């Protein structure tokens, strides 16, 4: 069984469109994250939710809006897509312990044309 | 703030060579340290971790020791294989463990 899953795996769209990426985890974890990996492979945290509440928002533009309908899901909605949004977006989840590992999804490669 | 600096890549080695990828960190308190691996076209997988000073993480022949005195967590493997070709990320999780801070990644290529 897949622990952290993301859909879609690939997303190609035009500038100005609105798109969503979905993430689900079946690990029973309380905390979920979105990370962005740029073209140089650099990874940076975007958001984190704990039990459906936002706990980290790392100066991400307002066009990005995470939504957590329940603690097993954390979706990422992006409005008015820009060329610079092209990247690979990774979802992750973590258990409650302070030393617990973060488990990552397979990533969604977003290409904005 | 917390930060991680990794050895610049890319690194190219022959099969059965010894591998070291350097990683140093800056953090307040006592972070947990991780190595993640990203195989071509895939997501990130945890390779190993260490949660306190002098701990050694190990997995699949890879090892790294948490050195607080040198703020380092270097990744080593005694004999690399072609299948080890991937991008390796050093990361830390600060106290409170709310997020991972990653190094810039090191691309490793192993030639047969």
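Residue numbers (our numbering), protein chains in the order written: chain R, 849 to 961; chain Z, 1047 to 1158. Don't be surprised by glycine CBs; every beta carbon is placed ideally from N, CA and C. Every value quoted in this text rests on a predicted model; they were computed, and no experiment measured them.
How many Å lie between residue 926 of chain R and residue 1145 of chain Z at the Cα? Whole-angstrom Cα-Cα distance: 22 Å.
Taking the Cβ atom as the reference point for each residue, do residue 937 of chain R and residue 907 of chain R lie within a distance shorter than 7 Å? For residue 937 of chain R and residue 907 of chain R, no; Cβs fall outside 7 Å.
If you scan the region 895-947 of chain R from start to end, which runs of the beta strand (DSSP E) of 3 or more residues do you find wholly inside it? 901-905, 912-918, 921-926 and 935-942, all fully within the region 895-947 of chain R.
Where in the region 1057-1110 of chain Z do unbroken runs of the beta strand (DSSP E), each at least 3 residues long, occur, reported from the N-terminal end onward? If we require 3 residues or more, the beta strand (DSSP E) runs fully inside the region 1057-1110 of chain Z come out as 1057-1060, 1065-1067, 1069-1072, 1078-1084, 1090-1096 and 1102-1105.
Below 7 Å between beta carbons: does that hold for residue 915 of chain R and residue 923 of chain R? Closer than 7 Å, so yes.
Does the beta carbon of residue 1106 of chain Z sit closer than 7 Å to a beta carbon anywhere in chain R? For residue 1106 of chain Z, the closest Cβ of chain R is not nearer than 7 Å.
Separation of residue 918 of chain R from residue 928 of chain R, as counted between CA atoms: Each residue's alpha carbon lies about 26 Å from the other.
Quick check on DSSP: helix, strand or coil for residue 1126 of chain Z? Residue state, collapsed to three classes: coil.
Excluding five sequence neighbours on each side, which residues of the same chain lie with their C-beta closer than 6 Å to the C-beta of residue 1080 of chain Z? These residues qualify, in order along the chain: 1095 and 1137.
How about residue 1133 of chain Z: is its C-beta nearer than 7 Å to some C-beta of chain R? It does: the Cβ of residue 1133 of chain Z has a partner Cβ on chain R nearer than 7 Å.
In three-state terms, what does DSSP make of residue 884 of chain R? Residue state, collapsed to three classes: strand.
Interface residues of chain Z facing residue 891 of chain R [CB-CB closer than 7 Å]: For residue 891 of chain R, the neighbours in chain Z by C-beta distance under 7 Å run, in chain order, 1135 and 1148.
For residue 867 of chain R, the first and last residue of its enclosing beta strand (DSSP E): Per DSSP, residue 867 of chain R belongs to the beta strand (DSSP E) from 867-873.
Counting C-beta neighbours from all protein chains within 10 Å, is the total for residue 863 of chain R 16 or more, i.e. buried, or is it exposed? By the 16-neighbour rule on beta-carbons within 10 angstroms, residue 863 of chain R is exposed.
With DSSP run on the structure shown, which of helix, strand or coil describes residue 862 of chain R? Here residue 862 of chain R sits in coil by DSSP.
Can you pull the chain R residues whose beta carbon is under 9 Å from the beta carbon of residue 1092 of chain Z, in chain order? Within chain R, the residues near residue 1092 of chain Z are 949, 950, 951 and 952.
State the Cα-Cα distance for the pair residue 874 of chain R and residue 943 of chain R, rounded to the nearest angstrom. Going from the Cα of residue 874 of chain R to the Cα of residue 943 of chain R covers about 11 Å.
Start and end of the beta strand (DSSP E) containing residue 851 of chain R? Residue 851 of chain R -> no beta strand (DSSP E), and no H or E assigned at all.
Opposite residue 1116 of chain Z in the DSSP bridges: which residues? Beta bridge pairing from DSSP links residue 1116 of chain Z with no other residue.
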